[in-house]
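Data block below; observations after.
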Ligand code: HEM
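Numbering (my numbering), first residue to last: 2 to 126.
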């Protein structure tokens, strides 16, 4: 695919916002994921919005605010099992299904997230 940045291809800020807003309610209802997250999810949503914006090639909002992402390191305090990585990706898949993106773009975005999700696995149990 040659779309310039993924960020532009998916429709920029409005779509990233939609992905994040659809995603966290699903996370908070997921039995494997909910226990890891704080009751007040708003700061997490804000950070995820900033991170995904830059991850997809948009403005470097996250690094500008928080420095080098070091995302695997930031996840080390939380026990991330292979099942939790799959659960995370499934919540994201369902959130993407609520956007207007084409099947091709949804699959592409999910594929781009699946590398990091599996890379953040830090425990088998
Ligand atoms: C593999 C499954 C994953 C699990 C179980 C998980 C879980 C978590 C948890 C528990 C937090 C901390 C929430 C808090 O602040 O208390 C967090 C933060 C975060 N996660 Fe994940 N995560 C996963 C994958 C990912 C992926 C694939 C990405 C992006 C590619 C991502 C991006 C972020 C970001 C940006 C933050 C905020 C970091 C910060 O504090 O600055 N996560 N995640």
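From the three backbone atoms N, C-alpha and C, an ideal C-beta is built for every residue, glycine too.
As the structure is a prediction and not an experimental result, all values here were calculated from the model.
- residue 7 and residue 57 closer than 7 angstroms at C-beta: yes
- Query: Excluding sequence positions up to five away, which residues of its chain have a Cβ less than 8 angstroms from the Cβ of residue 102?
  - Reply: 11, 12, 16, 110
- Message: Mapping the DSSP letters down to three states, classify residue 71 as helix, strand or coil.
- Response: coil
- Message: Nearer than 6 angstroms: is that true of the beta carbon of residue 39 relative to any heavy atom of the ligand HEM?
- Response: yes
- If you draw a straight line from the alpha carbon of residue 29 to that of residue 38, how long is it in whole angstroms? 7 angstroms
- Message: In this structure, how does DSSP classify residue 2 when only helix, strand and coil are distinguished?
- Response: Confidence is the limiting factor: at residue 2 the pLDDT is only 48, short of 50, which leaves the residue's position unreliable, though a coordinate-based value still follows. Of the three classes helix, strand and coil, the one that applies to residue 2 here is coil, per DSSP.
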